[in-house]
Amino acid sequence: MAENGKITPQSQDFPAWYQDVVREAELAEAAKVVKGCMVIKPHGYAIWEKIQSDLDRRFKETGHQNAYFPLLIPMSFINKEAEHVEGFAPEIAVVTHAGGKALPEGEQYCIRPTSETIIGHFFSKWISSYRDLPLLINQWANVMRWEMHTRMFLRTTEFLWQEGHTAHATHEDAKDEVIRMLNVYGDFAQEMMAMPVVRGIKTDAEKFAGALQTMCIEAMMRDGKALQAGTSHDLGQNFGKAFDVRFQTEQGREEFVWQTSWGVSTRLIGGLIMTHSDDTGLILPPRMAPVQVVIVPITRKDAEREKVLPVVDGLFRDLKARGIAVKVDDREGKRPGDKYYEWERKGVPLRVEVGMRDVDSGTAMTRLRIAEEKQKIAIDTLATQIPGILDDFQQMLLARAEKFRDDNTVTVDTWDDFLGVFQDGQSKFAWCHWDGTRETEMRIKEETSVTIRCIPLPGQGPAPEPGRCIRTGNPSAGRVLMARAY
RNA sequence: CGGGGCGUAGCGCAGUCUGGUAGCGCGCCAGCUUUGGGAGCUGGAUGUCGAAGGUUCGAAUCCUUUCGCCCCGACCA
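The numbering used here numbers the first residue of the first sequence as 12 and each following residue consecutively.
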């Protein structure tokens, strides 16, 4: 990690670069005093709020309501669904003492690693008739998973997320919900975060503990590794049976509900960083930027301030009226260059400089975060142009990310080629044939630490065509996405 | 859980081998000069040297114990 004020180049050490950007953009810092936890600082939290508000709108548009369930879950709940316990037991934190006394083993709680169990408990109380279905609930919450290795935003002991939990009368309805919410995530990632994603299905080995099937969106980071950016699970009747969530059908029969759950977390912020940013620091797509435009007035003497500041203020008001998140950096005692670097580190998409020269000529200097050169624009047309400039920048970042991903995506047919693509810890997206067995998947993972990220949904990968498994040569029905993963 | 590293000013570190009473850079504060791509000068403030115990005239430094954090290897959004 570089010293304060410096960012290690991506090409030199990608993990160090990432840590440096997180620090220099003032997104978060390691809590240190609490193992594996982080403090999300105002600028980082503002990005989370952007994510929250847009997703929340999308959830409401698809008929969901927010609710809140307890942080503590009785241990007995966790133990009810066999695969669920097995999957989460190693990373659960347990409350063993409370009120100054040790709690008897049967009365201990765990801090939620996810809420399927406690929500299942309440669903069983709330649901009795097909008229109660579908039940579409979302919760914004923190969860805790005792991780061995933590990385800011990508994997921390405590993290913020949303978890959707729904119950349906038929498996078909539940499956529709799973894909609907996967698409909400995918659309959000592309439209708002300018982060292209592959939508697919997890293999059994990678699916959520307790689910029938897990769907996911996978994004490519700038080091070629894959980031699972969101998941949507078909829980079948597993939790319905474990928590006795039954309803009466129209015909009067008793049946277990079909459930789904889906979530995205503060990990998305890590994805945002590693999709767009560069050696200067954070780069934010305008729709995710807490500050979209920063105006830096350049003034030397009081006489200049009197002329420059009114122009700046007019521009500020005009932009604000158009719904642009604009900030004027009129701090004294900092030089303009210092301010430029600071806002570039923090990922502000567009900077506007206004000094005496500009006031005299009726222009302003502007610089897009990734532009080589500054551009001179007439002040009286600037405010009307900026929404379009930001929109173009949003599209530019998406196109750039798509190009990067496509340039680093390969189709691989032989094991030798596969080893070549992933040698020395390198990663790309590799479309490969796989024989569909867990044994082969595990074997490849052990030999190379490369994993199957997903089986692509229609249109998300190469058209299905029969072939031979890259490792065993056994028959394969289609290609799967393989990569190193975060 | 195994292997390695580190705890000294807000941050990053030197000092530890060879004990002698606390230092550097950045940041911070004040003032002046500066201000179109990371300012300069002058002055100033800041430390239970991770904790506890021991050895010693004297411990950041040696010994013992202990706590915490970080990095690397088996699980995970």
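Cβ coordinates follow ideal geometry from the N, Cα and C atoms, glycine included.
Check whether the Cβ atoms of residue i and residue j sit closer than 9 Å, and answer yes or no.
{"i": "Met86", "j": "Gly55", "result": "no"}
{"i": "Phe415", "j": "Arg380", "result": "no"}
{"i": "Glu94", "j": "Ala220", "result": "yes"}
{"i": "Thr291", "j": "Tyr352", "result": "yes"}
{"i": "Phe449", "j": "Ala185", "result": "Before going on, a small fix: residue 449 reads as Arg here, not Phe. No; because the gap between Cβ atoms is not below 9 Å, this pair is not in contact."}
{"i": "Thr125", "j": "Gly274", "result": "yes"}
{"i": "Glu229", "j": "Ala494", "result": "yes"}
{"i": "Leu409", "j": "Pro301", "result": "no"}
{"i": "Cys227", "j": "Leu279", "result": "no"}
{"i": "Thr214", "j": "Ile463", "result": "yes"}
{"i": "Val339", "j": "Val323", "result": "yes"}
{"i": "Met163", "j": "Gln30", "result": "yes"}
{"i": "Gln5", "j": "Glu174", "result": "Since the first residue of the chain shown is 12 and the last is 497, residue 5 is not available in this structure."}
{"i": "Ile397", "j": "Arg333", "result": "yes"}
{"i": "Lys218", "j": "His244", "result": "yes"}
Exposed or buried, what is residue i when buried is set at 16 or more other beta-carbons lying within 10 Å of its beta-carbon?
{"i": "Lys17", "result": "exposed"}
{"i": "His179", "result": "buried"}
{"i": "Trp137", "result": "exposed"}
{"i": "Leu326", "result": "buried"}
{"i": "Thr242", "result": "buried"}
{"i": "Ser276", "result": "buried"}
{"i": "Val256", "result": "buried"}
{"i": "Ala222", "result": "buried"}
{"i": "Ala412", "result": "buried"}
{"i": "Glu452", "result": "buried"}
{"i": "Met159", "result": "exposed"}
{"i": "Asn485", "result": "exposed"}
{"i": "Gly472", "result": "buried"}
{"i": "Glu97", "result": "exposed"}
{"i": "Ser64", "result": "exposed"}
{"i": "Ala321", "result": "In the sequence as displayed, the identity of residue 321 is Pro instead of Ala. Exposed."}
{"i": "Lys312", "result": "exposed"}
{"i": "Thr107", "result": "exposed"}
{"i": "Arg298", "result": "buried"}
{"i": "Lys61", "result": "buried"}
{"i": "Lys112", "result": "exposed"}
{"i": "Pro469", "result": "exposed"}
Residue i by DSSP, collapsed to three states: which one?
{"i": "Met12", "result": "Because the pLDDT at Met12 is just 41, under 50, the model does not fix this residue reliably, and the point stays unresolved."}
{"i": "Trp157", "result": "coil"}
{"i": "Gln396", "result": "helix"}
{"i": "Thr271", "result": "strand"}
{"i": "Tyr141", "result": "helix"}
{"i": "Ser135", "result": "helix"}
{"i": "Lys186", "result": "helix"}
{"i": "Lys456", "result": "helix"}
{"i": "Ser487", "result": "strand"}
{"i": "Glu315", "result": "helix"}
{"i": "Asn77", "result": "strand"}
{"i": "Lys345", "result": "coil"}
{"i": "Glu40", "result": "strand"}
{"i": "Asn419", "result": "coil"}
{"i": "Val45", "result": "coil"}
{"i": "Glu266", "result": "strand"}
{"i": "Trp442", "result": "strand"}
{"i": "Val365", "result": "strand"}
{"i": "Ile466", "result": "strand"}
{"i": "Tyr497", "result": "coil"}
{"i": "Gln386", "result": "strand"}
If contacts are defined as beta-carbon pairs under 8 Å, then residue i and residue j qualify, I think. What distance do you get, rounded to the angstrom?
{"i": "Pro360", "j": "Gln406", "result": "Contact flag wrong, Cβ pair sits at about 12 Å."}
{"i": "His287", "j": "Ala205", "result": "7 Å"}
{"i": "Gly47", "j": "Thr167", "result": "6 Å"}
{"i": "Arg356", "j": "Thr377", "result": "Contact doesn't hold; Cβ gap of about 18 Å is too wide."}
{"i": "Leu492", "j": "Phe440", "result": "6 Å"}
{"i": "Leu66", "j": "Phe199", "result": "6 Å"}
{"i": "Ala530", "j": "Val50", "result": "Residue 530 cannot be examined here, being either before or after the span of the chain that is shown, 12 to 497."}
{"i": "Leu147", "j": "His75", "result": "4 Å"}
{"i": "Gly373", "j": "Asp391", "result": "7 Å"}
{"i": "Asn77", "j": "Gly235", "result": "Between Gly235 and Asn77 the Cβ distance is about 37 Å, and since that is not below 8 Å, they are no contact."}
{"i": "Val195", "j": "Arg69", "result": "5 Å"}
Should residue i be listed as close to the ligand GDP, given that the test is whether its C-beta is under 8 Å from any heavy atom?
{"i": "Met204", "result": "With respect to small molecules bound, the structure shown includes none, and the ligand GDP cannot be examined in it."}
Quiz item: Taking one C-beta from the segment 440-448 and one from the segment 467-481 each time, how about it: are there three or more such pairs within less than 8 Å?
Solution: Cβ pair count under 8 Å is three or more, so yes.
Quiz item: Between the segment 141-148 and the segment 256-272, are three or more C-beta pairs nearer than 8 Å?
Solution: yes
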